[in-house]
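Which chain is which? The protein sequence lines are B and P, in order. According to the numbering used here, the first sequence is numbered sequentially starting from 64. According to the numbering used here, the second sequence is numbered sequentially starting from 786. All C-beta atoms in this analysis are idealised placements derived from N, C-alpha and C, irrespective of residue type, glycine included. Let me begin by presenting the structure, written as structure tokens, before commenting on it.
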Amino acid sequence: MERHDGPRRDSLWRRVLYIVRRSPLAIVGIALILLIAVMAIFAPWIAPYDAVRVNLSQAFQPPSASHICGTDDMGQDIFSRIVYGSRVSLMVAFVVVGIAATVGTLIGLISGFFGGVVDMVIMRVVDAFLAVPSFVLAMISAAALGPSIVNVMLALSIVWWTWHARIVRGEVLKLRGTEFMVSLRSMGARTPRILFRHLLPNCVGPIAVQTTLQLGFAVLTAAGLSFLGLGAQPPTPEWGLMVSVGRQYLPASWWMITFPGLMIFLLVMGFILLGDTIRDVVSRDIQ
Amino acid sequence: MLKYVIKRLLWMPLVLLLVVTLVFFLTHMVPGSAIRVLLGPHVGEAQLQKATAEYGLDKPLLTQYFIYMGHLLRGDLGRSIVTRRPVATELATYLPATLELTFFSLVLIVVVGVVLGVVAAVHRNSPLDILARGVAVGGVALPQFWLGLMFILLFSYYLRWFPMGGRMEMTIAPPTRLTGMYVFDSLFTGNWAALLDALHHLALPVLVMALTNLSTTTAMVRSSMLRTLNEDFTLMAKAYGHRPFRVHYIYALKNSLISAVSVIGLTTGYLLGGDVLVETVFDWPGIGLYAARSILHVDYAPVIGVALVIAAVYAVVNLITDLLYGALDPRIRY
């Protein structure tokens, strides 16, 4: 791209490097996500045992050299289940946020750009969604759809597009009256072109921040739904479900809840720290 | 001011109407019959149809919706299919427990959040700042159900400091019902044994709620405190030779408290959202546990009722917060 005169702007890449080098928390976040991503991708090579093979003679083993996180009530190796569980959690996170961000962004663009009755109707629907805590709505949707991990993804998508819609609409409203928009119109740019070539790129920063943070909350919420029995069903290696099963065997089998719960925490923490880092990168004024 | 309050109060039923509509269609979006779940798999077709007709589940969806709305306008929230009791009665039984839990969590969040936020701001970029923010952000990432179980494991099973769950020991009679909130009821009636026991049972769930919801308040107080510390009156106070402690914790803090109030509404929303999980873990007999149970039985009327109550509480708290915010900050006029 051609560089314009005026105040020199650092490249995005240099900003990223600058911020990451200054913030140890950003490095922790990136490391956590990478670690769990590697776990998910190379699961068959990392997991020492089959994640779903029942072996009752090995049930309730405390952590040891052969089962570093112990075994559960079915004699399944918890570490192996945790490794495969990373696939489930990451899949839920990316599918939900992918759908929610796409749908929400589209609706937000339309709502902010057209205004009037369209905007009014869309925003009232959004208001209704935001008037009830999203976990409660997700719970209701998941229950209505029937408990399964696919339906959890569907339920979370139904609830979460609203956050993106609101943010994108806000960004569009900021740009609406500006000279930039007026000049586009006067040059005869068509609506889709304005929406996707000019408005959308201006919303990328806030969308990126919101998306990353939501990846974390998707993991957290999906685990919560599975914990309540509204999500993944046995024998799926899902972290929230593992905690739910382990709960029945407290306090003797403490390892059954400790390690899966810890993994949820680490993954969510990773996404939150990454989101904060992205916020620092895209925010225009670095202190 | 009065005009603003009236406008908000008029707006509230509309939002609740939207919420009921939304939840009604969410619960009915899959034509799975609650009756089938309730009666079990080994039930004759005739019996199934009879029960379905009894609850009006055989009518078209829109008809069901208008019937429900008609009842709702007369204050009738329907009946639970499982317990066969009116939903309104059950909500009245369970709501005080949830309000109690939410209230005390909120108090703890405001106190701890303000302390963390102020300390972080005063010692900006120091290890203390990083620690305070770390605690706040780390709390958000903790799964509430897991933290609750870990607390029970540690503080109830191993250390035996706190009860495993519930609101009160079986051996202690609950206080006379005034508000339904045990702490206040026992306080008003001077029932000290009940008060102590109620607080003892509240401790762990409140701690879980507070730890996992600290971040908004802490972040808000920190940034507002940073702004205040750079303002002229703070510099002036320092120039006059007031000790930093006094300037930070008396003059500047007062300003930052306002920002803590401004996020109470938002925090209440988070608390009500996490309520289901925390109540499930601690066997806390509030509307969250009621909702979880009803949902597993595909019992729709209680679910819509809970959503409606939560939305109403949320709306009222938001209104109070906004008014309080306006009263505290003279720059804000409605």
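Note down, in chain order, every chain P residue with its Cβ under 9 Å from the Cβ of residue i.
i, result
"M244(B)", "Simply none; closest approach about 31 Å."
"L238(B)", "Simply none; closest approach about 26 Å."
"M202(B)", "V1061, A1076, A1077, I1080, V1088"
For residue i, which beta-bridge partners are listed by DSSP?
i, result
"T134(B)", "D140(B)"
"P871(P)", "R864(P)"
Using the beta-carbon of each residue, which ones in chain B are nearer than 9 Å to residue i?
i, result
"F930(P)", "A286, G287, F290, L291, G303, V306, S307, R310, G324"
"Y942(P)", "L313, P314, W317"
"G898(P)", "Ordered by position in chain B, no residue passes the 9 Å Cβ test against G898(P), which lies about 17 Å from the chain."
"G1059(P)", "P196, F198, G287"
"Y1099(P)", "A194, V195, P196"
Which residues in the same chain have their Cβ closer than 7 Å to the Cβ of residue i, if we skip the five residues on either side of it in sequence?
i, result
"P881(P)", "T964, G965, M966"
"L208(B)", "N214, L217, A218"
"T33(B)", "As displayed, chain B neither begins before 64 nor continues past 350, which places residue 33(B) out of reach and without an answer."
"P959(P)", "M953, Y967, A979"
"R232(B)", "G171, S174, G175"
Could you tell me if the beta carbon of residue i falls within a distance shorter than 8 Å of some heavy atom in the ligand HEM?
i, result
"V151(B)", "With respect to the ligand HEM, the structure shown offers nothing to examine, as it has no ligands at all."
What would DSSP say about residue i, mapped onto helix, strand or coil?
i, result
"R1031(P)", "helix"
"R859(P)", "coil"
"F809(P)", "helix"
"W108(B)", "helix"
"A271(B)", "helix"
"P928(P)", "coil"
"N1040(P)", "helix"
"H227(B)", "helix"
"W946(P)", "coil"
"T1003(P)", "helix"
"V896(P)", "helix"
"D982(P)", "helix"
"K844(P)", "coil"
"N1015(P)", "coil"
"S152(B)", "helix"
"A359(B)", "Absent from the model: residue 359(B). The displayed extent of chain B is 64 to 350, so no value can be given."
"T956(P)", "coil"
I'd like the list of long-range same chain contacts for residue i, defined as Cβ closer than 6 Å, with 5 residues on each side in sequence excluded.
i, result
"A906(P)", "R1007, M1010, L1011"
"I349(B)", "Legend: pLDDT at I349(B) = 42, less than 50; position of this residue unreliable, value from coordinates given subsequently. For I349(B), where only same-chain residues beyond five positions count, there are no Cβ hits under 6 Å."
"D343(B)", "I82"
"F280(B)", "none"
"G133(B)", "Q124, P125, P126, I141, W318"
"L1104(P)", "R793"
"E954(P)", "D982"
Could you check how far apart the C-beta atoms of residue i and residue j are, in whole angstroms? I think they sit under 8 Å.
i, j, result
"G933(P)", "V993(P)", "5 Å"
"G923(P)", "M332(B)", "7 Å"
"A1086(P)", "A1004(P)", "Not really, about 39 Å apart at Cβ, beyond 8 Å."
"V766(P)", "I203(B)", "With chain P running from 786 to 1119 in the structure shown, residue 766(P) is simply not present."
"S289(B)", "G303(B)", "4 Å"
"L999(P)", "I894(P)", "6 Å"
Can you find the residues in the same chain that come closer than 8 Å, C-beta to C-beta, to residue i, ignoring five residues on each side of it along the sequence?
i, result
"H67(B)", "Note that H67(B) scores 49 on pLDDT, short of 50, meaning its location in the model is unreliable and no value can be drawn from it."
"A1100(P)", "M797, V800, L801"
"A122(B)", "T134, D135, D136, M137, G138"
"R909(P)", "L1011"
"I852(P)", "G841, K844"
In chain B, what lies closer than 7 Å to residue i by C-beta?
i, result
"A926(P)", "G279, F328, V331, M332, I335"
"T1106(P)", "The contacting residues do not exist; T1106(P) stays about 15 Å from chain B at best."
"G863(P)", "Ordered by position in chain B, no residue passes the 7 Å Cβ test against G863(P), which lies about 15 Å from the chain."
"V922(P)", "I335"
So which residues of chain P does residue i contact, with C-beta pairs closer than 7 Å?
i, result
"A206(B)", "I1080, V1083"
"I320(B)", "W931, L934"
"L97(B)", "Going along chain P, no residue has its Cβ under 7 Å from L97(B), so there is no contact; the nearest lies around 17 Å."
"L262(B)", "Chain P residues near L262(B): none, gap ~28 Å exceeds 7 Å."
"R187(B)", "L803"
What residues of chain B sit near residue i, judged by a beta carbon separation below 8 Å?
i, result
"T1013(P)", "Per Cβ cutoff of 8 Å: no residues; T1013(P) is ~17 Å from chain B at best."
9 Å is my cut-off, CB to CB: does residue i come that close to chain C?
i, result
"F192(B)", "Reference to chain C is not applicable here, since the protein chains of this structure are B and P."
Which residues in chain P have a C-beta closer than 8 Å to the C-beta of residue i? List them in chain order.
i, result
"L153(B)", "Those do not exist, as L153(B) stays about 16 Å from chain P at its closest Cβ, beyond 8 Å."
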